[in-house]
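Asker: I have a structure I would like to understand better, so I am pasting it below and will then ask my questions one at a time.
In the working numbering, the protein residues as written are 770 to 1109.
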């Protein structure tokens, strides 16, 4: 069957005209104001701490970083809403619904018991999404925002949702923000520790405290647990949208290579940034970070573009899940798959 390149060219031109028209019709000012106001309001509630137990001076993140980050996120939001209709709406529902439930639960709990713990935690978990460290440069702040809001998805979105649901049911007793990470502690029913992107959930059942954060305490089970999950957060930062399937699912099935890699990354991060000596011995001295292969990113990108072109939002998500399943399958072995 011969391809009619002239007809294909005309269809492409028509699609580009429609795309440009839809792009210009996006409510750009509203989107920008929404992002900007969220960052500004969140800045009033954020109380960051140090991973090693030191109190930090209360500082607001640079306004330039906030404005430029809001511009970037506005452009990306409008672009996604044009290419794959309703994806922003779906994202908003998944993001806002757990927060609203947790917030209202906190309000009612405060009115009845005069205890603001749930209310305070719901706001802290929410603002963790918009946490820009004050000591970061403009470029570092922008990178931190884009990494959390775009690159580390969907795991960070899932982490926020699970955190809010657990908080609304009283499982979360402490929230600490540090190094761009939200550490949620309490009687976590999922496991002793679990990581979803920028959200770390750890149990405090075997610890005497759930509000103190100091990972330099080598004899604290909870602090060692946080150090382990920190390694998974660093995996998420490097792998982005592949994290859940490259590391998350294999980790949940107790594949040893993911845990060794997480502990290596955590030890190296804390040694470089805080001068803390390593605490884990699971990995070899010549260990190298187990990163996702370039082929995995190319496969996901090509298939998702194809899915969006043929099936809009449904095709986009379907293609993502299809490729994600393949990547997870290839990494379920005892050794890392270096291709995917």
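Every residue gets a Cβ at the ideal spot worked out from N, C-alpha and C, and that includes glycine.
Rounded to the nearest angstrom, what separates residue 879 and residue 938 at their Cα positions?
Answerer: As a working mapping, residue 879 is identified with position 110 in the chain shown. As a working mapping, residue 938 is identified with position 169 in the chain shown. Taking the straight line from one Cα to the other gives about 14 Å.
Asker: Specify, as a first and last residue, the run of the beta strand (DSSP E) that residue 857 falls within.
Answerer: In the chain shown, counting from the first residue as 1, residue 857 sits at position 88. Looking at the DSSP string, residue 857 is not in any beta strand (DSSP E); the run it does join, the alpha helix (DSSP H), is 856 to 882.
Asker: Excluding sequence positions up to five away, which residues of its chain have a Cβ less than 8 Å from the Cβ of residue 1040?
Answerer: In the chain shown, residue 1040 corresponds to position 271, counting from 1. The residues are 1046, 1047.
Asker: Quick one: what does DSSP say residue 946 is sitting in, helix, strand or coil?
Answerer: Locating residue 946 in the chain shown gives position 177, where the first residue counts as 1. Here residue 946 sits in strand by DSSP.
Asker: Can you look up residue 896 in the DSSP assignment and give me helix, strand or coil?
Answerer: Stepping through the chain shown from its first residue, residue 896 is reached at position 127. DSSP places residue 896 in helix when its eight states are reduced to three.
Asker: With respect to the beta strand (DSSP E) encompassing residue 968, which residues constitute its N-terminal and C-terminal limits?
Answerer: The residue given as residue 968 occupies position 199 in the chain shown. Where residue 968 is concerned, the enclosing beta strand (DSSP E) stretches over 968 to 972.
Asker: Considering Cα atoms alone, identify which of 962, 963, 969 is closest to residue 950.
Answerer: Locating residue 950 in the chain shown gives position 181, counting from the first residue. It is 969 whose Cα lies nearest to the Cα of residue 950.
Asker: In terms of alpha-carbon separation, which member of 876, 1034, 1009 lies closest to residue 996?
Answerer: Numbered from its first residue, the chain shown carries residue 996 at position 227. Among 876, 1034, 1009, the Cα nearest to that of residue 996 is on 1034.
Asker: Within 7 Å: the Cβ of residue 795 and any heavy atom of the ligand COA?
Answerer: Only the bare structure without any ligand can be found here, which leaves the ligand COA out of the picture.
Asker: Looking at the structure shown, is residue 1044 part of a helix, part of a strand, or coil, going by DSSP?
Answerer: To locate residue 1044, count along the chain shown from 1; it is residue 275. It is coil, neither helix nor strand.
Asker: For residue 910, report the span of its alpha helix (DSSP H) as first-last.
Answerer: Taking the first residue of the chain shown as position 1, residue 910 is located at position 141. Looking at the DSSP string, the run of the alpha helix (DSSP H) that includes residue 910 is 907 to 915.
Asker: Can you tell me which residues form a DSSP beta bridge with residue 965?
Answerer: Reading the chain shown from its first residue, position 196 is the one you call residue 965. 968.
Asker: Could you check where the alpha helix (DSSP H) with residue 804 kicks off and where it finishes?
Answerer: Numbered from its first residue, the chain shown carries residue 804 at position 35. First-last of the alpha helix (DSSP H) with residue 804: 797 to 814.
Asker: Which of the three DSSP states is assigned to residue 959 in this structure?
Answerer: Your numbering for residue 959 matches position 190 in the chain shown. In the structure shown, residue 959 sits in coil (DSSP, three-state: anything other than H, G, I, E or B).
Asker: Please identify the residue among 1065, 1092, 964 whose C-alpha is closest to the C-alpha of residue 1121.
Answerer: Limits of the chain in this structure are 770 at one end and 1109 at the other, which puts residue 1121 out of reach.
Asker: What do you reckon, are the CB atoms on residue 897 and residue 967 nearer than 8 Å?
Answerer: The sequence position of residue 897 within the chain shown is 128, counting from 1. The sequence position of residue 967 within the chain shown is 198, counting from 1. Their beta carbons are under 8 Å apart, which means residue 897 touches residue 967 by this criterion.
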